[in-house]
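Accompanying notes for the structure given below.
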Amino acid sequence: MSSPADLARIANILICPKCSAQVKIQPDLILCAGCGAKYPIHEGIPFLARMGTANTWDGTTKDETNSKEYQEQYHEIEKAAEYNIEYKEIFLKRMSTAREYMLLRRLLKSQGRSGMLLELPCGGGRLSPQLAPFTNLLVEADIAEGQVLYGKKNVTSETPRIWMTASAFHIPFKDDSFDGTVCIRLCHHLPTANERERLIKELFRVSKRFVIMTFFDYHSLKNLLRRMRQPFDHKPPKMTMTVDEVRKQASENGAELVECPSLMSLSSGHRYALMVKNKP
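Just so we're aligned, residue 432 is where the sequence shown starts under the numbering used here, counting upward by one.
Below is the structure:
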């Protein structure tokens, strides 16, 4: 649970997701000193998610494909519970989770211990036990209220944690607030390059040292088979990136793509990207 003492630890790095001004933590809400926006705190959870897509950062107003529908999933704790229970009960998902555990531990170990880590999205805390041993404070954030409530209720850890709602397009923290940020299974839900670039830019903005992010590899066997079947089953294409595109995005944000292991080369198209910021 996020205690008042824990929230006090992030008081100086929190910002308003609307105007980026300093905020003040009060007993039951967070108040922006700039635009005056108020964000409630319920059961120790600050609700700081700013909903919306490209129209909220570049003024895009035309009707285009975006992630709005995805953002609206899992706000109810019952739907979040169904999602998380699947990862415990379905064999292939359990196998995938075990592989993710191994990859996360290896990649995090390579970066040494962190003072603070951000996991966004955190979902229902499925991967939290693998992150907690590598940091002194773990901030768990997700745009979906239901996921945060589920995780706070069902996932325990000896490492201090702060749960909150937040959008990865508008992360409510100052630049370089965290040693690293972990973003698992979000990029492949973003249908436009604009959204993917915004996501990566925000992850790097709040990270001092590194970013760990997953993406669905365009050149993976899984995606190749899907593209071959598409003329017959008419399924929509996957939302993908290439390794070179990820490397380019890392470079544009002052970082290097250090590792890019596949989750499961035969049965999954996901890759884990470890991107490390260049030293000044």
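Glycine included, each C-beta is placed from N, C-alpha and C at the ideal position.
| For Asp405, the nearest candidate out of Gly543, Asn567, Pro564 and Leu549 (CA to CA) | Residue 405 cannot be examined here, being either before or after the span of the chain that is shown, 432 to 711.
| Taking just the CA atoms, how far does Pro458 sit from Glu690? | In the sequence shown, counting from the first residue as 1, residue 690 sits at position 259. In the sequence shown, counting from the first residue as 1, residue 458 sits at position 27. Distance between the alpha carbons of Glu690 and Pro458 is about 43 Å.
| Is Cys450 helix, strand or coil by DSSP? | Working through the sequence shown from its first residue, we reach residue 450 at position 19. If DSSP states are grouped into helix, strand and coil, Cys450 belongs with coil.
| What residue from Leu634, Met659, Pro603 and Lys605 has the CA that sits closest to Cys618's CA? | Counted from its first residue, the sequence shown places residue 618 at position 187. The option with the nearest alpha carbon to Cys618 is Leu634.
| task | Determine the extent of the alpha helix (DSSP H) in which Lys710 is found, giving its start and end residues. | result | Counted from its first residue, the sequence shown places residue 710 at position 279. From DSSP, Lys710 is part of no alpha helix (DSSP H); its letter is neither H nor E.
| query | In terms of alpha-carbon separation, which member of Asn654, Pro448, Lys510 and Glu628 lies closest to Arg678? | reply | On the sequence shown, position 247 is the one that residue 678 refers to. The residue with the shortest Cα to Cα distance from Arg678 is Glu628.
| query | Looking at C-alpha atoms only, which residue of His601, Phe663, Ser699 and Met644 is the closest neighbour of Lys449? | reply | Here the question's residue 449 lines up with position 18 in the sequence shown. Closest by alpha carbon: His601.
| said: So the candidates are Gly467, Ile441, Asp437 and Phe478; which of them puts its Cα closest to the Cα of Ser598? | reply: By one-based count along the sequence shown, residue 598 stands at place 167. The residue with the shortest Cα to Cα distance from Ser598 is Phe478.
| So what's Ser498 in DSSP terms, helix, strand or just coil? | By 1-based counting over the sequence shown, the position of residue 498 is 67. Of the three classes helix, strand and coil, the one that applies to Ser498 here is coil, per DSSP.
| query | Secondary structure at Ile476, three-state DSSP: helix, strand or coil? | reply | Numbered from its first residue, the sequence shown carries residue 476 at position 45. If DSSP states are grouped into helix, strand and coil, Ile476 belongs with the strands.
| In terms of DSSP beta bridges, what is His601 paired with? | In the sequence shown, residue 601 corresponds to position 170, counting from 1. Partner(s): Ser598.
| When the distance is taken between beta carbons, is Gly582 closer than 8 Å to Gly543? | Here residue 543 refers to the residue found at position 112 of the sequence shown. Here residue 582 refers to the residue found at position 151 of the sequence shown. No, they are not a contact pair.
| task | Measure how close the beta-carbons of Leu558 and Glu517 come, nearest whole angstrom, since I'm counting them as under 8 Å. | result | For the purposes of this step, residue 558 is taken as the residue at position 127 of the sequence shown. For the purposes of this step, residue 517 is taken as the residue at position 86 of the sequence shown. Incorrect: roughly 15 Å between the Cβ atoms, too far for contact.
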